[in-house]
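Numbering (full-length UniProt numbering), first residue to last: 1 to 262.
Right, here's the structure in full:
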């Protein structure tokens with residue numbers, strides 16, 4: 001009761017309901033966050049491509065934080081081999097659509113969030129239509145062709161992209177802020193490399209690494225939406241679980257990148 005009264009007294013005229021003020025009160029009380037930040041999240045649209053380990057680590061944080069619209073993209077179904085790291089799913093979800101089951105669990109977490117379910121192998125044209133009104137997109141896929149298409153769609157439409165991956169005991173993350181026309185892109189870093197040749201289906205993955213990278217993707221996306229702090233733009237951040245270390249390496253736009261030649 002005390003928490004409710006405190007939340008309700010924060011500000012008259014807010015675009016947040018009394019229930020939202022209470023639900024998000026632990027965010028609202030943060031310096032540099034407050035009501036303005038929470039209202040930004042309510043108006044925001046995040047697109048998450050891939051509802052596997054990375055996506056299922058990030059998605060509950062978006063729903064819990066009150067991101068107004070979340071688009072989920074995946075064509076796969078839940079498999080028993082997913083459950084050691086994709087802990088948002090349950091045994092009863094096996095053989096069911098990842099997108100539909102993820103959306104079901106997110107609605108149970110926060111019914112105020114609008115969820116758009118895209119259960120298909122998406123083309124470049126579809127990706128472009130999905131991200132046009134987005135504030136930020138997350139690359140949580142393990143398919144190199146899809147990563148390239150998402151990178152291109154975000155670049156052409158000026159939508160920031162938070163890219164992550166994890167395999168074995170290692171993970172990596174970077175942010176491409178395509179609101180800046182001079183930003184580097186995914187192809188600047190990886191070019192024609194087939195990054196999905198080293199996915200967890202072939203080499204395995206330590207489950208905590210997946211969550212660490214996924215929640216860090218969510219962290220950077222929320223900061224982008226709100227304009228908080230410094231973002232991992234122009235830095236590739238490498239995580240190693242075996243020696244519990246982060247390393248950061250700076251990179252620049254590649255003048256020979258095929259995407260920037262178009």
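For each residue, glycine too, the CB sits at the ideal point set by N, CA and C.
- request: Go to residue 70, then tell me how far its alpha helix (DSSP H) extends in each direction, as first and last residue.
  value: For the purposes of this step, residue 70 is identified with residue 70 of the chain shown, where counting begins at 1. For residue 70, there is no enclosing alpha helix (DSSP H); the residue is part of the beta strand (DSSP E) that begins and ends at 69-73.
When the Cα atoms are used, what is the spatial distance from residue 197 to residue 152? Looking up residue 197 in the chain shown gives position 197. Looking up residue 152 in the chain shown gives position 152. Caution applies to residue 197, whose pLDDT of 49 falls short of 50 and renders its modelled position unreliable; the model cannot decide the point.
Q. Would you say residue 56 and residue 102 are within 8 Å of each other, going by their C-beta atoms?
A. Translated into the one-based positions of the chain shown, residue 56 becomes position 56. Translated into the one-based positions of the chain shown, residue 102 becomes position 102. Closer than 8 Å, so yes.
By alpha-carbon positions, which one of 181, 65, 218 and 254 ends up nearest to residue 22? Reading the chain shown from its first residue, position 22 is the one you call residue 22. Residue 65 is the option with its Cα nearest to residue 22.
>> Taking its Cβ as the centre, do 16 or more other Cβ atoms sit within 10 Å of residue 141, making it buried, or is it exposed?
In response: As a position in the chain shown, residue 141 is number 141, starting the count at 1. Label assigned to residue 141: buried.
Legend entry - Whole-Å CB distance - residue 253 paired with residue 184, under 8 Å assumed: On the chain shown, position 253 is the one that residue 253 refers to. On the chain shown, position 184 is the one that residue 184 refers to. About 4 Å separates the beta carbon of residue 253 from that of residue 184, a gap short enough to meet the 8 Å contact definition.
* Selection from 97, 132 and 124 that minimises the alpha carbon distance to residue 117 -> On the chain shown, residue 117 is found 117 positions in, with the first residue counted as 1. Taking only the C-alpha atoms, the option nearest residue 117 is 97.
*Sequence-distant residues of its chain with Cβ nearer than 6 Å to residue 166 (five each side left out)*: Along the chain shown, one-based indexing puts residue 166 at 166. Here residue 166 has 205, 209, 210 and 213 as same chain residues with Cβ atoms under 6 Å from its own Cβ, once five neighbours each way along the sequence are excluded.
Exercise. Going along the chain, which unbroken runs of the beta strand (DSSP E) with 3 or more residues stay wholly within the stretch 12-99?
Worked result: Segments of the beta strand (DSSP E) lying fully in the stretch 12-99: 45-49 and 69-73.
Residue(s) in a DSSP beta bridge with residue 245:
Position 245 of the chain shown, counted from the first residue, corresponds to residue 245. In the DSSP assignment, the residues bridged to residue 245 are 240.
Taking C-alpha atoms, which residue in 53, 18 and 146 lies nearest to residue 187?
-> Sequence index remark: in the chain shown, residue 187 carries index 187 (1-based). Here the closest residue by C-alpha is 146.
Note to self: For residue 99 and residue 87, I'd like the C-alpha separation in whole angstroms.
What the structure shows: For this step, residue 99 is matched to residue 99 along the chain shown. For this step, residue 87 is matched to residue 87 along the chain shown. Looking at the backbone, the Cα of residue 99 and that of residue 87 are separated by about 14 Å.
### Message
So the candidates are 240, 228, 129 and 236; which of them puts its Cα closest to the Cα of residue 27?
### Response
Position 27 of the chain shown, counted from the first residue, corresponds to residue 27. Looking at 240, 228, 129 and 236, the one whose alpha-carbon comes closest to that of residue 27 is 228.
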